[in-house]
Amino acid sequence: MAKDTRDRMIETTARLLQHRGYYGTPLSLILSESGAPRGSLYFHFPGGKDQLVVEATRRTIAQGTQALHQALAASATPAKAVRALFEATAQIVRDTDYTYGCPVAPIILDASGDLQELSDLCRQTFVEWIGMLRAAFVDAGIPKKRAAALALLVESAIEGLLLITRAYRDTGPWLIIAAELETIVADATPPRRRPRRKS
62 MAKDTRDRMI ETTARLLQHR GYYGTPLSLI LSESGAPRGS LYFHFPGGKD
112 QLVVEATRRT IAQGTQALHQ ALAASATPAK AVRALFEATA QIVRDTDYTY
162 GCPVAPIILD ASGDLQELSD LCRQTFVEWI GMLRAAFVDA GIPKKRAAAL
212 ALLVESAIEG LLLITRAYRD TGPWLIIAAE LETIVADATP PRRRPRRKS
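Here is the structure:
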């Protein structure tokens, strides 16, 4: 039961942060939405709200990292991986009635820089995600400088689309940009050399 309460608090906090940011997510709302008794906060999170927010953010970051890893691993080329990632994210956006968002963007925009651990976590998340994309592009033969630029472009598109589609309540832009980025990454990827047939 204790684990269930802790998990509910983390999941609720993660969801609220995506919508309301750090300062817009008071403890009273977390407790109300999660159904957790007030005394359970410091029992499960001795560091209070800050510890809870960090753990909730870490969990949603891990989910995003896993989704990116799976898309890159399951696709034949990085170009196809980008398209698959965008299409999958569009589906999640629809399934969550346009409430799905980046786990770190609302925190960064909320300017909660007074919590250094959280600021470092947000910054490192983008470093990791962009780095994963860059590594996949380099492995496919794209020059390092071009791979770095493309990785930044892809991540920037994701962040922008999360905002645009929430405003539009339409995932059509995801599919448009998915096709564009697939073409861009494919064009930047050198053709694989086919082994010569033995005569």
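In the numbering used here, the protein residues as written are 62 to 260. Yeah, the Cβ is synthetic: ideal placement off N, Cα and C, and Gly gets one too.
Of the residues the options, the one placed nearest residue i, counting alpha carbons only
i: residue 84; options: 100, 122, 176 and 158; result: 176
i: residue 80; options: 163, 150, 133 and 234; result: 163
i: residue 115; options: 142, 73, 150 and 138; result: 73
i: residue 101; options: 128, 71, 82 and 121; result: 71
i: residue 222; options: 148, 251, 117 and 203; result: 148
i: residue 220; options: 231, 235, 202 and 206; result: 235
i: residue 198; options: 182, 136 and 90; result: 136
i: residue 96; options: 67, 82, 181 and 244; result: 67
i: residue 120; options: 155, 109 and 75; result: 75
i: residue 238; options: 157, 216, 230 and 123; result: 216
Simplified DSSP assignment, three categories, for residue i
i: residue 107; result: coil
i: residue 278; result: The chain is shown from 62 up to 260; residue 278 falls before or after that span and cannot be answered.
i: residue 99; result: coil
i: residue 93; result: helix
i: residue 76; result: helix
i: residue 65; result: helix
i: residue 217; result: helix
i: residue 232; result: coil
i: residue 244; result: helix
i: residue 182; result: helix
i: residue 86; result: coil
Integer Cβ distance of residue i from residue j, believed to fall under 8 Å
i: residue 140; j: residue 246; result: 4 Å
i: residue 153; j: residue 159; result: About 10 Å separates the two Cβ atoms, so there is no contact after all.
Beta-carbon proximity of residue i to residue j, cut-off 9 Å
i: residue 208; j: residue 195; result: yes
i: residue 265; j: residue 165; result: Since the first residue shown for the chain is 62 and the last is 260, residue 265 is missing from the structure and cannot be characterised.
i: residue 250; j: residue 138; result: yes
Where the alpha helix (DSSP H) containing residue i begins and where it ends
i: residue 154; result: 139-156
i: residue 204; result: Element bounds for residue 204: n/a, residue is neither H nor E.
i: residue 167; result: 166-170
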